[in-house]
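Colleague:
Shown next as structure tokens:
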């Protein structure tokens, strides 16, 4: 995680890339564990031999929902905390698109562009990130989405 930023710095950062994570391997073990957790054992995810023979992917691929679920940990690594925030809450996604499959063993990273930061009198800050999950050495990203998060401030700001 990066250093904390102020509300003023957050507002000034709207329209800019606020962070980029390190590369993360999406291993077959990770895919299998996700399949177990979600009870989604479709062969394209869990059977390397069959997936190599019967799919256009040349092997197994990660679940789309696995790739989107990685965003939490990648954001924690890449994005600065907001000064005075006691917690961050996932508020949801808009315009999620899975652009390319992530093959087992490939590395991904996330870029976070801050599209908007709405500071509310309640002490909550609604952040809208344009997120791109890149696949190493691939022209197409794994996914693109608008991710909405809420930062809960310990002391609500005075609103003008």
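Residue numbers (the working numbering): 2 to 161.
Even for Gly, the Cβ is constructed at its ideal location relative to N, Cα and C.
Which same chain residues, not among the five before or five after residue 7, have their C-beta less than 7 angstroms away from its C-beta?
Modeller: Closer than 7 angstroms at Cβ, skipping near neighbours: 84.
Colleague: Three or more C-beta pairs under 8 angstroms: does that hold for the stretch 67-87 against the stretch 140-154?
Modeller: Judged by Cβ distances under 8 angstroms, the stretch 67-87 makes contact with the stretch 140-154, as three or more pairs qualify.
Colleague: Going by other Cβ atoms of all chains shown within 10 Å of its Cβ, with 16 needed for buried, is residue 136 buried or exposed?
Modeller: Per the 10 Å Cβ criterion, buried.
Colleague: Leaving out five residues on either side along the sequence, give the residues of the same chain with a beta carbon under 8 angstroms from the beta carbon of residue 51.
Modeller: So the list reads 44, once near-sequence residues are dropped.
Colleague: Let me make sure I understand the geometry here. Which of 106, 10, 126 has the alpha-carbon closest to that of residue 90?
Modeller: Comparing Cα-Cα distances from residue 90 to each of 106, 10, 126, the minimum goes to 126.
Colleague: DSSP on residue 91, reduced to helix/strand/coil?
Modeller: Note: residue 91 maps to strand in three-state DSSP.
Colleague: Counting only the same chain and skipping the five closest in sequence on each side, list residues whose C-beta sits under 8 angstroms from that of residue 92.
Modeller: Closer than 8 angstroms at Cβ, skipping near neighbours: 127, 149, 150, 151.
Colleague: Please report the residue range of the alpha helix (DSSP H) in which residue 117 lies.
Modeller: Taken as a continuous stretch (DSSP letters only), residue 117 belongs to no alpha helix (DSSP H), being part of the beta strand (DSSP E) at 108-120.
Colleague: List the residues that DSSP assigns as beta-bridge partners of residue 142.
Modeller: Bridge partners of residue 142: none, in fact.
Colleague: Does the separation of the CB atoms of residue 99 and residue 18 fall below 8 angstroms?
Modeller: Cβ atoms of residue 99 and residue 18: not closer than 8 angstroms.
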